[in-house]
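Below: one structure, written as C-alpha cells.
2 protein chains.
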Amino acid sequence: MERFAVIGLGRFGSRLAELLSMGGAEVLAVDKERPLVEEVRDRVTLAICMDSTDEEAIRAQGIDKVDAAIVGIGDNFEAAVLTTVILKQLEVPRIIVRATTDVRAAILRRIGADDIVNPENESAERWQSKLAAPGLIDRRELAEGFSQVQIAAPESFVGKTLEQLELRKKYRVNITAIKRQTEETGSKGAKKTRDTFLSVPMPDVVIQSGDVLFIMGADDAIAALPAE
Amino acid sequence: MERFAVIGLGRFGSRLAELLSMGGAEVLAVDKERPLVEEVRDRVTLAICMDSTDEEAIRAQGIDKVDAAIVGIGDNFEAAVLTTVILKQLEVPRIIVRATTDVRAAILRRIGADDIVNPENESAERWQSKLAAPGLIDRRELAEGFSQVQIAAPESFVGKTLEQLELRKKYRVNITAIKRQTEETGSKGAKKTRDTFLSVPMPDVVIQSGDVLFIMGADDAIAALPAE
Ligand SMILES: Nc1ncnc2c1ncn2[C@@H]1O[C@H](COP(=O)(O)OP(=O)(O)OP(=O)(O)O)[C@@H](O)[C@H]1O
Ligand SMILES: Nc1ncnc2c1ncn2[C@@H]1O[C@H](COP(=O)(O)OP(=O)(O)OP(=O)(O)O)[C@@H](O)[C@H]1O
C-alpha cells in the first residue's frame, strides 16, 4: 500500500492529495493553515496542521515514514528549502518539490529534490507550443530535442497511404497514431461525431482530410514537415 | 505573424507571454498591477497597465485585435468571467481562459472560453498517475479512456521480441516507442549513458531490462499489462 505525504495544500497540493487518496493510497496532508487542513480532512487518510520546517513535528507525526513526499509550497521558498533538507536527512525515498523559477529548481535539486514540479511553467510551455505553430495541436517533449506532436494532417498528405508518404525515409519521423473523427447516425437519425484512434497504423492506411497525426521524431525533423 | 493578448501576468501569464515572444509572435501583455507590467516590458511587444474588465480600454488598446487571447487571471473569478465575455463580444477568434476549479471551468466554457487551462490541476493529475502506479513513469490521456503511457519494461517481457509478445493481439495495446539507455565510452575512457529512442520499433526488436516502453491503448487494456 503506497503512502504519501503532501506538504502544502494550495490548489496543486490539495488536488494531488485528493487524487492520490481516490486512487487508493494512504495520504498524510500537511499545512500550517488550519482552514486548509480542515478542508481536506475527509478526503485523505490524515490531515495535520503543522509547520513542515519543524523537524520535531515531522518526526512526531511520522511525515517522513512515507514512500514519497510532495512539497507543494509555492511562494515561501525558504520553507520549501528547509522542508526538503529535513525530508532528505530523514531519508524519505523520493522527494518531489515544487519550484516557481528555474533558479529555485536548480537549488532544490542540489539540496535533495529528486523531482521538480512547476505547474504554471509546464502549462505555459505546453500552450506556447500549441499556439506558436497553428497546425500543431499538441507537443510533448520526450527527451532533449525529441518530441511527440499532434498535427493536423497537411493537405499534401491527404489521399496518400503511409507507405506512399515514406515518412521515416523522407522526413525522419514516425507516425505512432491517427485520430480520426467518424460520424455516426444514432438510432433516431441524429448525427454524432466521435474520435477513433488507429495506433501504430498499417502502411496501407490512407490519410483523410481532418485526420490528426501523432508523430514522433527529432524536433528539427518535425519542424521540417510541410505545413500544408 | 501571429499576435496574442496575454491578460494577467502571474507566473503562468508572464511565462507564457515571454515564451510566445521568444517564439517570434507579437505579444500584448496586460495586467492591472504596474510592477508586473514593468517586469515584462522588455520581453514582449507591448506591455499595458489596465483593468481587463474595462471594455473601453480593451478597445482603445486593441487588445481584441489578436489571433488569440489568453486570460491568465487566477483568483479573481469575476474579472476572468467579465474579461471573457468582453473578448467574446469583440469576436476574438480564440479565447483560452484559466480556471481554478471544475465548476469555474464549466461556467467559463458556457460564456465563451474555447479552451480551459488549470495548471495546478494538470500537474496534480500528471503526478498522481506517476505516483499511483510505480511501474508507470508517465501517462498522457489522449481521449476519454485512451492514453499513452511510459512504463518500465516488465521483467517477463525482457529477452522477448515484440513479435513474440504479440502485444496488439494479447493485450490490445501498441508499442509506439522504446527508450533505451545506452552506455558509451568517451575519449578518455569515461563511461556516460544517454537515451536512444526507437520509434515505431520493428517486430524483431528484443526488449532489454531497463527499457522504457511507450504504449498506447485503452486505459483498461493498459491496466491489464503485467507489472513484472
Ligand atoms: N512551513 C510551512 N509548513 C506547512 N505549510 C506551509 C508552509 N509554508 C507554506 N505552506 C503552505 O503551502 C501552501 C501552498 O503555498 P502557496 O500558497 O505559497 O502556493 P500557491 O502557489 O499559491 O499554491 P497553488 O498555486 O497550488 O494554489 C499554502 O497553503 C501554505 O499555507
Ligand atoms: N481585472 C484585471 N485586469 C488585469 N489584470 C488582472 C485583473 N484581475 C487580476 N489581474 C491580474 O491577474 C494576475 C494573475 O492572477 P492571480 O494572481 O490571481 O493568479 P495566480 O493564481 O496567483 O497566478 P500564477 O499562479 O500564474 O502566479 C495578477 O497579476 C493580477 O494582477
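Top line first, the protein sequences correspond to chains A and B. Add 24 to a position in the first sequence, counting from 1, and you land on the number used in this note's numbering. Add 24 to a position in the second sequence, counting from 1, and you land on the number used in this note's numbering. We put the CB at the ideal spot given by N, CA and C, even for glycine. Here the structure is a predicted model, which means the values were calculated and not measured.
Backbone CA spacing between residue i and residue j [nearest angstrom]
i: W151/A; j: L40/B; result: 7 Å
i: D88/A; j: P225/B; result: 42 Å
i: L249/B; j: Q232/A; result: 32 Å
i: I110/A; j: V51/B; result: 43 Å
i: L83/B; j: F28/A; result: Correcting the residue type first, residue 83/B is Arg in the shown sequence and not Leu. Taking the straight line from one Cα to the other gives about 50 Å.
i: S180/B; j: E144/B; result: 37 Å
i: A137/B; j: G86/B; result: 19 Å
i: R35/A; j: G47/A; result: 18 Å
i: S45/A; j: A71/A; result: 12 Å
i: A49/A; j: A156/B; result: 7 Å
i: S229/A; j: G210/A; result: The sequence given here places Val at residue 229/A; Ser does not occur at that position. Each residue's alpha carbon lies about 26 Å from the other.
i: R218/A; j: E208/A; result: 8 Å
i: G32/B; j: E165/B; result: 28 Å
i: L43/A; j: N198/B; result: 27 Å
i: L114/A; j: T107/B; result: 48 Å
i: F101/A; j: E62/B; result: 23 Å
i: I246/A; j: Y195/A; result: 8 Å
i: G241/A; j: V95/A; result: 34 Å
i: A251/A; j: D244/A; result: 14 Å
i: A148/A; j: K112/B; result: 22 Å
i: S223/A; j: E146/A; result: 26 Å
i: I175/B; j: I161/B; result: 5 Å
i: G159/B; j: V30/A; result: 21 Å
i: N142/A; j: A93/A; result: 16 Å
i: K193/B; j: D66/B; result: 56 Å
i: D99/B; j: D99/A; result: 15 Å
i: T69/B; j: L189/A; result: 40 Å
i: E79/B; j: A81/A; result: 52 Å
Neighbourhood of residue i by C-beta, 6 Å cutoff - its chain only, sequence neighbours within 5 removed
i: A103/B; result: T77 and I97
i: K56/A; result: D75
i: R163/A; result: S153, S171 and V173
i: F221/A; result: A201 and K203
i: A177/B; result: I231, D235 and L237
i: E73/B; result: The amino acid at residue 73/B is misidentified as Glu; the sequence shows Cys. For C73/B, where only same-chain residues beyond five positions count, the Cβ hits under 6 Å are R58 and V61.
Residue i classed as buried or exposed, judged by whether at least 16 other C-beta atoms fall within 10 angstroms
i: V182/A; result: exposed
i: T206/B; result: exposed
i: T125/A; result: exposed
i: G169/B; result: exposed
i: V54/B; result: buried
i: R122/A; result: buried
i: V127/B; result: exposed
i: A167/A; result: exposed
i: A214/B; result: exposed
Residues of its chain near residue i, where Cβ-Cβ distance is below 8 Å and the 5 sequence neighbours each way are ignored
i: V105/A; result: I131, L132 and I135
i: D91/A; result: E26, R27, F28, P117 and R118
i: L191/B; result: V197, N198, I199 and I239
i: I140/A; result: I120, V121, R122, A123, A129, L132 and R133
Cutoff 7 Å; reference residue i; Cβ partners in own chain excluding five residues on either side
i: P227/A; result: T185, L186 and E187
i: V64/B; result: L33, S38, A41, E42, A53 and A71
i: K216/B; result: E208 and G210
- Task: Mind checking the region 104-135 of chain A against chain B and listing, in chain order, the residues whose C-beta falls within less than 8 Å of any C-beta there?
- Result: I120 and T124
- Task: Taking only beta carbons into account, state which residues of the region 46-79 of chain B come closer than 7 Å to chain A, listed in chain order.
- Result: G47 and A49
- Note down, in chain order, all residues in the region 139-161 of chain A with a beta-carbon under 7 Å from any beta-carbon belonging to chain B. V141, P143, E144, N145, E146, S147, A148, E149, W151, Q152, L155 and A156
- With 7 Å as the C-beta to C-beta threshold (strictly closer), list the residues of the region 215-227 of chain A near chain B in chain order. D219, F221, S223 and V224
- Task: Select from the region 85-102 of chain A all residues with a C-beta closer than 9 Å to any C-beta belonging to chain B, and list them in chain order.
- Result: D91, A92, I94, G96 and G98
- Item | Chain-ordered residues of the region 25-37 of chain A with a beta carbon less than 9 Å from chain B | E26, F28, G34, R35, F36 and G37
- Message: Please identify, using Cβ separations under 9 Å, the residues of the region 163-181 of chain B that lie next to chain A, in order along the chain.
- Response: R164, L166, A167, E168, F170, Q172 and Q174
- Item | Near-chain B residues of the region 182-209 of chain A (beta-carbon distance less than 9 Å), N- to C-terminal order | R192, V197, N198, I199, T200, A201 and K203
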